[in-house]
Amino acid sequence: MDSSSGTLLQARGIEKSFGGVRALRGVDFELRRGEVHALLGENGAGKSTLVNVLSGVIPDYEGRVEIGGREVAFRRPGDAQDAGLATIHQELDLVLDMTVAENLFLGREPRTALRLFDRRRLLRDAEAALEEAGISLDPSRKVRSLRVGERQMVEIARALSLDARILIMDEPTAALADAEVEHLFSVVRELRQREVSVIYISHRLEELEEVADRATVFRNGEVVGTVEVPKSTRGQLIRMMVGQPVSELYPDAGVEKEGELLRVEGLSVRPRRPKRGRSEPRDVSINVGRGEIVGLAGIMGSGRTELLETLFGMGASGARAGLVSLEGEELKLGSPRQAIAAGIGFVPEDRKELGLVLEQSVNSNTTIAALRRFARAGLMNGSREREAVDRTISDLNIRASGRNALVRTLSGGNQQKVLFGRQLLIKPRLLLLDEPTRGVDVGAKAEIYRLLSGLAADGMGILMASSELPELLGMCDRIYVLRSGRIAAELKASEASQEAILEAATAGDEREAV
Amino acid sequence: MTEESNRQGSAGRILSKRPALPSGRQEWVEFLFRFQSLFGLIVVFLAAIAFSPRRDGEILFLSLVNLTNILRSVSEIGIIAIGMTFVILVGGIDLSVGSILGLAATGSAVLMVEDNFGVLPAVLLVLLIGMAFGAVQGFVSTRFAVQAFIVTLAGLQIGRGLARIWSGGQGVAISYGEGKGQAPESFSILSERVFNGLVPVPALIFFIVGAIAVFVLNKTTFSRHVYAIGGNERAARISGVPVMRVKITVFAISGMLAALAGIIHAGQLSQGSPNDGIAYELDAIAAVVVGGTSLMGGVGSVVGTIGGAIMLGVLNNILALNSIDINTQYLIKGLVIVAAAALLSLRSGDR
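Taken in order, these protein sequences are the chains called A and B.
Taking our numbering, the leading residue of the first sequence gets 61, the next gets one more, and so forth.
Taking our numbering, the leading residue of the second sequence gets 18, the next gets one more, and so forth.
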């Protein structure tokens, strides 16, 4: 039944516009049986739109999609799933308060002869499905208690148990620790063996080299080309994506450091209600100088986020020991409000859950933390606010239809820039960043790096946690490595290497590496 | 979720913006959707004209007396619904407003008739009581992380109980005069009309409250905080929004406006009874929802609520004018509320 050799899915001349904006312009795409096919391109280049067309999220488009030689026209994601095409979402959609097993078989729960819910078979089937996918997880655990990486494994197991022939993975490694990434790759390679095709969206070129067979590059809604990944260089791919050579992703450092900004001495938190998977700070002593970019490295669950949250006054409630001061003033760490007043900004890791009000405009989201600057006696000064927002949009090169665009409609990179814009409006002395470039494309990444260098040059101190080691090594002056909430090592970036960081991050407790 | 549906869904959502005057055709459509409850109001209004009984060729529904009566009849629910809008915008709900109305009506009657309070002291004290009642509910809900639904359900019982205790379980009739056991004459203005006997005083108060609320929800930093909390409370918190203070404030506003409605209730009926305002909270919530405010919070407007309240009032009126059986009236009203809510979610095109 196959039209050409090994072609599983074929899309021809796909066109899609969103109110005048042409998101896809005559896109052709071919997916072979058992291949891992990467989609590359900056945010807004058309990757997600194509994936949404293929998976039935967007039912109205022009063009033709064939699977196994037969034309398909999915009206909804469920149709695609029935046809063997499953999506592993960037925003994982699992029911948090249900168990792994219940999530795996949501909507198709096994039943007894009497049509009653069969809990025993559910657990048995779940165990089988997890084992099939090579995942070791207790199926009776609540999804809420799982880490992001583990939740993703549940999604993959669910798709596999649905006999998916095509798996779409959108930024699957964005939230994973390195060990988990390796695990994911082995699962992906296993899929290839089983003739499952994978459409793989990622901004991390280095991981494509590990898993992808071919890559199709998008720019401005058009396909620039499809290449064999093993035969291409990273520079080649980047040039195809941005249309011009990216000379240097990381800007030059070389800023004069003057004086201490943040000082943390013996900071420990003993939470009133300890939560599984959280590593609260334990006897942490660090400092950040003016104009210095300091990195926080560590595997997932090492306490990077917890440390940043504690410094921003939103850590776990409970007993706290140690001293934290900013330019000599002691900080209370009582609430984000106090932190902001003290001159601290924070860009959280989970921008949708913690950062943005998705249903509201770029305007409201940008100024929400700095309203006082645009108001007198509680009354907003609309024109001053609009000016500031427009300036932020142009300074940070935020691509949106205007300041009234809903944040939900922006691409990941632009959403992240809105969060940065919000921080800049409060004019912080210290900026805390948690995975500042997670789910952000190469172009926006470079822009964020340039922005950070500029801010540091102006004397701002930056403390950034990241699981991308090249990013830490490229951006930071110094790097602290965390392990189980403690500082395991302090490294000068110029002397550090990925190996040294990894060694410090995992020494002593391999267990934590998942 | 497609970007297209986002665009459509956004039309009614950017409510903190000042609406620009519509120019092109697309803007007109968006303009209609932005004020969709007004749009619905127009539809119901036209239907009311069509179905209105006529006498000597005159459309009874359109008579000045009838129209102003509608405004008078919706003013209490309307005022409550405006306060409710604030609460629902932060993602909460206030079930206690009907009881607060009863408490306030009883309280103002007792204070003036039995305790010789002047009008102003009585009104101020009752407003203060309503505000405090709401503030306490907001505090309990926020501080102890109990859902507003439960806290205000308890408040509903407590308010009713307090009203009964205050009046000894009896309704208190208000007669006007100088002597003991009589209320000051000026309180009776609530049952009168001003501007050549045209505008009922309660309706006037309703519109003044509405205008203030529209202003507050468009021009203040407080409104940004309200919308941000309703849209994403955690994001609001890490943006330094004083979440607890804002939540307590919206419940205080709701309580105070419910008390204001109670004072008007007492003035209109010349009595205060602890049974006043039973189930008013449901009518108020209906007005808010029909007015396009999302029960999830973060999306909605006071203009919508005012339109929603008047729309339900017009509906009530036309059913009564046609002498529709009261039981059938309930049925029709229920269907209209469901239809309006369904239309709303169609418009949003998401979820």
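All C-beta atoms in this analysis are idealised placements derived from N, C-alpha and C, irrespective of residue type, glycine included.
Does any C-beta atom of chain A lie closer than 8 Å to the C-beta of residue i?
i: residue 318 of chain B; result: no
i: residue 210 of chain B; result: no
i: residue 315 of chain B; result: yes
Measuring only the C-alpha atoms, how far is residue i from residue j?
i: residue 188 of chain A; j: residue 164 of chain A; result: 11 Å
i: residue 28 of chain A; j: residue 157 of chain B; result: The structure shown has nothing for residue 28 of chain A, since chain A only spans 61 to 574.
i: residue 108 of chain A; j: residue 76 of chain A; result: 12 Å
i: residue 194 of chain A; j: residue 226 of chain A; result: 18 Å
i: residue 244 of chain A; j: residue 217 of chain A; result: 11 Å
i: residue 356 of chain A; j: residue 545 of chain A; result: 11 Å
i: residue 335 of chain B; j: residue 90 of chain B; result: 13 Å
i: residue 277 of chain A; j: residue 286 of chain A; result: 6 Å
i: residue 300 of chain B; j: residue 99 of chain B; result: 12 Å
i: residue 221 of chain B; j: residue 71 of chain B; result: 28 Å
i: residue 500 of chain A; j: residue 476 of chain A; result: 8 Å
i: residue 186 of chain B; j: residue 179 of chain B; result: 10 Å
i: residue 359 of chain B; j: residue 104 of chain B; result: 22 Å
i: residue 455 of chain A; j: residue 395 of chain A; result: 29 Å
i: residue 171 of chain A; j: residue 183 of chain A; result: 12 Å
i: residue 198 of chain B; j: residue 441 of chain A; result: 51 Å
i: residue 331 of chain B; j: residue 189 of chain B; result: 31 Å
i: residue 70 of chain A; j: residue 349 of chain B; result: 53 Å
i: residue 200 of chain B; j: residue 88 of chain B; result: 26 Å
i: residue 556 of chain A; j: residue 533 of chain A; result: 7 Å
i: residue 566 of chain A; j: residue 265 of chain A; result: 25 Å
i: residue 150 of chain B; j: residue 137 of chain B; result: 20 Å
Does the beta carbon of residue i come closer than 8 Å to any beta carbon on chain B?
i: residue 245 of chain A; result: no
i: residue 199 of chain A; result: no
i: residue 176 of chain A; result: no
i: residue 73 of chain A; result: no
i: residue 374 of chain A; result: yes
i: residue 409 of chain A; result: no
i: residue 438 of chain A; result: yes
i: residue 532 of chain A; result: no
i: residue 484 of chain A; result: no
i: residue 550 of chain A; result: no
i: residue 84 of chain A; result: no
i: residue 528 of chain A; result: no
i: residue 145 of chain A; result: no
i: residue 414 of chain A; result: yes
Please list, in chain order, all residues of the same chain as residue i whose beta carbon is under 8 Å from its beta carbon, the five residues on each side excluded.
i: residue 142 of chain B; result: 124, 128, 134
i: residue 562 of chain A; result: 238, 529
i: residue 38 of chain B; result: The pLDDT assigned to residue 38 of chain B is 45, lower than 50, so where the model puts this residue is not dependable; a value taken from the coordinates is nonetheless given after this. Counting only Cβ-Cβ distances below 8 Å, and skipping sequence neighbours, we find nothing.
Looking only at its chain, what residues have a beta carbon closer than 7 Å to the beta carbon of residue i, apart from the 5 residues adjacent to it on each side?
i: residue 379 of chain A; result: 330
i: residue 328 of chain B; result: 54, 57, 58, 61, 307
i: residue 400 of chain A; result: 429, 486
i: residue 170 of chain B; result: 112
i: residue 321 of chain A; result: 348, 349, 350, 386, 387, 489, 490, 521
Tell me which residues share the same chain as residue i and place their Cβ nearer than 6 Å to its Cβ, disregarding the 5 neighbours each side in the sequence.
i: residue 247 of chain B; result: 106, 107, 108, 314, 315
i: residue 254 of chain B; result: 260
i: residue 234 of chain B; result: 240, 319
i: residue 298 of chain B; result: 112, 114, 115
i: residue 258 of chain B; result: 242, 245
i: residue 377 of chain A; result: 332
i: residue 111 of chain A; result: 228
Report task. Compile a chain-ordered list of the residues in the segment 416 to 434 of chain A whose CB is closer than 9 Å to at least one CB of chain B. Result -> 416, 417, 418, 419, 420, 421, 423, 424, 425, 427, 428, 429, 430, 431, 432, 434
Item to complete: Give, in chain order, every unbroken run of the beta strand (DSSP E) that is at least 3 residues long and sits entirely within the segment 252 to 301 of chain A.
Response: 257 to 261, 274 to 279, 282 to 288
Discussion item. If the cut-off is 9 Å on Cβ atoms, which residues from the segment 248 to 259 of chain B count as contacting chain A, listed in chain order?
Written reply: 248, 249, 251, 252, 253, 254, 255, 256, 257, 258, 259
Open item on the list: To be precise: take each residue of the segment 226 to 251 of chain B, compare its Cβ to all Cβ atoms of chain A, and keep it if any distance is under 7 Å. Which residues remain?
Closed with: 236, 237, 238, 239, 241, 244, 245, 248, 249, 251
**Q.** Interfacial residues, the segment 392 to 406 of chain A to chain B, with Cβ spacing under 9 Å
**A.** 395, 396, 397, 398, 399, 400, 401, 406
Taking only runs of the alpha helix (DSSP H) that begin and end inside the segment 165 to 226 of chain A, which ones reach a length of at least 4 residues, in chain order? 179 to 192, 208 to 221
Segments of 4+ residues assigned as alpha helix (DSSP H) that fall wholly inside the segment 346 to 372 of chain A:
364 to 371
Check your understanding: Counting only runs that start and end within the segment 455 to 487 of chain A, where is the alpha helix (DSSP H) found for 4 or more residues in a row?
Key -> 472 to 485
* To do: Please go through the segment 412 to 460 of chain A and give each complete beta strand (DSSP E) segment of 3 or more residues, from N-terminal end onward.
  => none
Next on the checklist: So if I threshold CB-CB distances at 8 Å, which residues from the segment 347 to 374 of chain A count as touching chain B?
Outcome noted: 372, 374
Next on the checklist: Which runs of the alpha helix (DSSP H) at least 4 residues long sit entirely within the segment 131 to 155 of chain B? Give them in chain order.
Outcome noted: none
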